[in-house]
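Okay, so here's the structure we're looking at.
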Amino acid sequence: MGKAKPAKHTAAEIKAKEHAATTNMGGGKAGLVDRKGGAAGHAKFQCHICKTAAPSITSMKAHHDSKHPLLPWEPEKCTDLHEVFGGTTQGVGVRGSKKK
1 MGKAKPAKHT AAEIKAKEHA ATTNMGGGKA GLVDRKGGAA GHAKFQCHIC
51 KTAAPSITSM KAHHDSKHPL LPWEPEKCTD LHEVFGGTTQ GVGVRGSKKK
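Counting from 1, one number per residue, gives the positions in the sequence shown under our numbering.
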């Protein structure tokens, strides 16, 4: 029997692995605020009736239809948390957040 063929890695793959191993990615107490989404959280909209958070206006409408069926749907009354708090986190705990 012969030996297994050694894996060949590209320079980009090795560089990415080294970066992931040596860079602070926001773990532990230092990255707790980032992982929670900062003051705004990861959801964008907040229900003006019960303060439930939803990621999109479509999800907020679905929430409103199921939880508040007797009240009229008024999307302009929903709070945009990202506008209030200046967006979600841009810290090290959210991978890929600076590429957007």
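For each residue, glycine too, the CB sits at the ideal point set by N, CA and C. Given the structure is predicted, the values throughout are model-derived calculations rather than measurements.
Euclidean distance between Cα positions of residue i and residue j
i	j	result
LYS3	ILE14	23 Å
ALA12	GLU18	10 Å
ASP80	LEU70	23 Å
SER56	HIS9	40 Å
GLY27	ALA21	12 Å
HIS63	PRO6	53 Å
LYS29	THR58	34 Å
ALA16	ALA43	29 Å
Residues near residue i in its chain [Cβ-Cβ closer than 8 Å; skip 5 each side]
i	result
MET60	PHE45, CYS47, ALA54, PRO75, CYS78
ASP65	TRP73
THR52	GLN46, HIS63, LYS67
N-terminal and C-terminal residue of the alpha helix (DSSP H) that residue i is part of
i	result
MET25	Unbroken run through MET25: none, as it is neither H nor E.
ALA62	57–67
LEU81	81–85
Of the residues the options, the one placed nearest residue i, counting alpha carbons only
i	options	result
LYS67	CYS50, LEU32, ALA7	CYS50
Bridge partners - residue i, DSSP secondary structure assignment
i	result
ALA54	PHE45
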